[in-house]
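Reading through the structure tokens given below for one structure.
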Amino acid sequence: MADNDDLLDYEDEEQADQQTADGATEATPKKGVKGSYVSIYSSGFRDFLLKPEILRAIVDCGFEHPSEVQHECIPQAVLGMDILCQAKSGMGKTAVFVLATLQQLEPSENHVYVLVMCHTRELAFQISKEYERFSKYMAGVKVSVFFGGMPIQKDKEVLKTACPHIVVGTPGRILALVNSKKLNLKHLKHFILDECDKMLESLDMRRDVQEIFRNTPHGKQVMMFSATLSKEIRPVCKKFMQDPMEVYVDDKAKLTLHGLQQHYVKLKENEKNKKLFELLDVLEFNQVVIFVKSVQRSIERLPEKDISDSDTYQHRVARAGRFGTKGLAITMVSDENDAKILNVVQDRFDVNITELPEEIELSTYIEGR
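Printed below as a string of structure tokens:
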């Protein structure tokens, strides 16, 4: 089990913050250097020497060239090094820990080897799907996702009858399963927090994470990722780690995704459905993601594109421009509050979101057109 000395001590936070602030090393512009680690630059995913099954899945997904974050992190992550990474949305952080853990995974028995936690059920579900598509040629690899709002008895049954090798979930549900002795983490080799700042800045969620951490082996790999990782929270993250590689790309976290076209359209609430279907008829696309304000809207099959707060907007639209590819994001603005949020997004992330034009050139949002 992990020693208590390796865990967060809330009373010592201020002292730890000061120590780290004095000794932490920021990523420098010097080529090939991140802190004290030498970066390994590769022209393609094959240069990472990944398993053939993983490379085949990468090709199926249409990815050819690793992003800057992947160049920096994957070579060290596949060797089992602890990673602390901050980079803006759309730079492929999820693929770093998904590919790195799958590369190291040797599922000889029905044990949980990989645990990934995030702060929302939606993100947990997305991450589980990433594991599924990158592991589709790895026979026998099992992935399960556990989060609140679903019957916990079903989760317990899954762990009993078909124990997954990879578990993705939210801290509250994961801790409940650990406390009930249904989720055994004594064989865990990889402990990952995605959007770690969201969990560690919240005291209640941080306590859950710490309690889960106590139930894991000492020698595991720890990786943490976030789009917005403040200098104040970095030392907190590092208390979970042993000599981590630190990668900070674009600390301002501006929403400047290459090739991503962003527009808004003003309309009344009851006009959203009609406009959405009109856009689906007119636009050509490979994939479409429609975001709504609540689970209930999704259940009722009301396919409306609702605007969210600025943080959520950043993560949502980034899904349309993953790995620096082209994409198109359209936000429907129906009231004064929506308009205010749109202004906040533009000011905060230094991005210009223009009104939806009558026609959109296909080549501006689809690769190869």
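FYI, the numbering for the sequence shown is 12 to 380, going by this note's numbering.
The beta-carbon is built from N, C-alpha and C at its ideal position, and this holds for glycine as well.
Review point. From Leu-199 to Phe-59, what does the alpha carbon distance come to, in whole angstroms?
Key: Translated into positions along the sequence shown, residue 199 becomes position 188. Translated into positions along the sequence shown, residue 59 becomes position 48. For Leu-199 and Phe-59, the distance between alpha carbons rounds to 24 Å.
**Study point:** Three-way DSSP call (helix, strand, coil) for Leu-313 in this model
**Key:** Along the sequence shown, read from residue 1 onward, the residue named residue 313 stands at position 302. With a pLDDT of 38 at Leu-313, under the threshold of 50, the modelled position of this residue cannot be trusted, and the question is left open.
**Study point:** Span of the alpha helix (DSSP H), counted from its first residue to its last, around Asp-205
**Key:** For the purposes of this step, residue 205 is identified with residue 194 of the sequence shown, where counting begins at 1. Where Asp-205 is concerned, there is no enclosing alpha helix (DSSP H), although the beta strand (DSSP E) it sits in stretches over 201 to 205.
Practice item. Would you mind stating whether Leu-204 and Gln-97 have Cβ atoms separated by less than 8 Å? Key: As a first step, residue 204 is located in the sequence shown; it is residue number 193 there, counting from the start. As a first step, residue 97 is located in the sequence shown; it is residue number 86 there, counting from the start. It is not a contact, given that the beta carbons lie outside the stated cut-off.
Practice item. Taking Cys-84 as part of the alpha helix (DSSP H), name the residues at either end of that continuous run. Key: In the sequence shown, the residue the question calls residue 84 occupies position 73. Run containing Cys-84: 79 to 88, per the alpha helix (DSSP H) assignment.
Exercise for review: Put Gln-115 into one of helix, strand or coil per three-state DSSP.
Suggested key: As a working mapping, residue 115 is identified with position 104 in the sequence shown. Gln-115 falls in the helix class under three-state DSSP.
Check your understanding: Can you find at least 3 beta carbon pairs, one from the stretch 166 to 185 and one from the stretch 247 to 258, that sit closer than 8 Å?
Key -> no
**Study point:** Touch test, the stretch 67 to 80 against the stretch 207 to 224, Cβ-Cβ under 8 Å, three pairs minimum
**Key:** no
Exercise for review: Indicate the three-state DSSP secondary structure (helix, strand or coil) for Ser-237 in the structure shown.
Suggested key: The residue labelled residue 237 in the question sits at position 226 within the sequence shown. Strand.
Point to revise | For Leu-134 and Glu-206, believed in contact at Cβ under 8 Å, the rounded distance | key: Locating residue 206 in the sequence shown gives position 195, where the first residue counts as 1. Locating residue 134 in the sequence shown gives position 123, where the first residue counts as 1. About 7 Å; that satisfies the 8 Å criterion.
Check your understanding: If you compare alpha carbons, which of Glu-289, Phe-202, Val-123, Ala-88 is closest to Glu-370?
Key -> By 1-based counting over the sequence shown, the position of residue 370 is 359. The shortest Cα separation from Glu-370 among Glu-289, Phe-202, Val-123, Ala-88 belongs to Glu-289.
Review point. For Ser-155, which of helix, strand or coil comes out of DSSP?
Key: Looking up residue 155 in the sequence shown gives position 144. Strand, per DSSP.
Check your understanding: Whose CA, out of His-76, Val-123, Phe-236, lies closest to the CA of Pro-228?
Key -> What you label residue 228 is simply residue 217 of the sequence shown in a count that begins at 1. Minimum Cα distance to Pro-228 is reached at Val-123.
Point to revise | Any 3 or more C-beta pairs closer than 8 Å across the stretch 148 to 164 and the stretch 83 to 96 | key: no
Check your understanding: On the three-state DSSP scale, how would you describe Ala-38?
Key -> Locating residue 38 in the sequence shown gives position 27, where the first residue counts as 1. For Ala-38, the predicted structure reports a pLDDT of 43, less than 50, and the residue's modelled location is therefore unreliable. A value from the coordinates is still provided. Reduced to three states, the DSSP call for Ala-38 is coil.
Review point. When you compare each of Arg-218, Asp-93, Ile-65, Gly-103 to Leu-113 by their alpha carbons, which one comes out closest?
Key: Walking along the sequence shown from the start, residue 113 turns up at place 102. Checked all of Arg-218, Asp-93, Ile-65, Gly-103; the closest Cα to Leu-113 is Ile-65.
Practice item. Let me know if Arg-245 comes out buried or exposed under the rule of 16 or more other beta-carbons within 10 Å of its beta-carbon. Key: The residue labelled residue 245 in the question sits at position 234 within the sequence shown. By the 10 Å Cβ count, Arg-245 comes out buried.
Practice item. Would you give the residue range spanned by the alpha helix (DSSP H) that Leu-186 belongs to? Key: Taking the sequence shown and counting its residues from 1, the one referred to as residue 186 is at position 175. From DSSP, the alpha helix (DSSP H) with Leu-186 extends over 182 to 190.
**Study point:** Best match in Phe-224, Asn-363, Asp-358 for proximity to Ile-341 [C-alpha to C-alpha]
**Key:** Taking the sequence shown and counting its residues from 1, the one referred to as residue 341 is at position 330. Checked all of Phe-224, Asn-363, Asp-358; the closest Cα to Ile-341 is Asn-363.
Exercise for review: Give a yes or no on whether the C-beta atoms belonging to Arg-381 and Thr-181 are separated by under 8 Å.
Suggested key: Because the chain here runs from 12 to 380, residue 381 falls outside it and cannot be looked at.
Practice item. Using 10 angstroms around the beta-carbon of Thr-39, count the other beta-carbons present and answer buried if the total reaches 16, otherwise exposed. Key: Numbered from its first residue, the sequence shown carries residue 39 at position 28. Here the model assigns Thr-39 a pLDDT of 40, short of 50, so the residue's position is not dependable and the matter cannot be decided.
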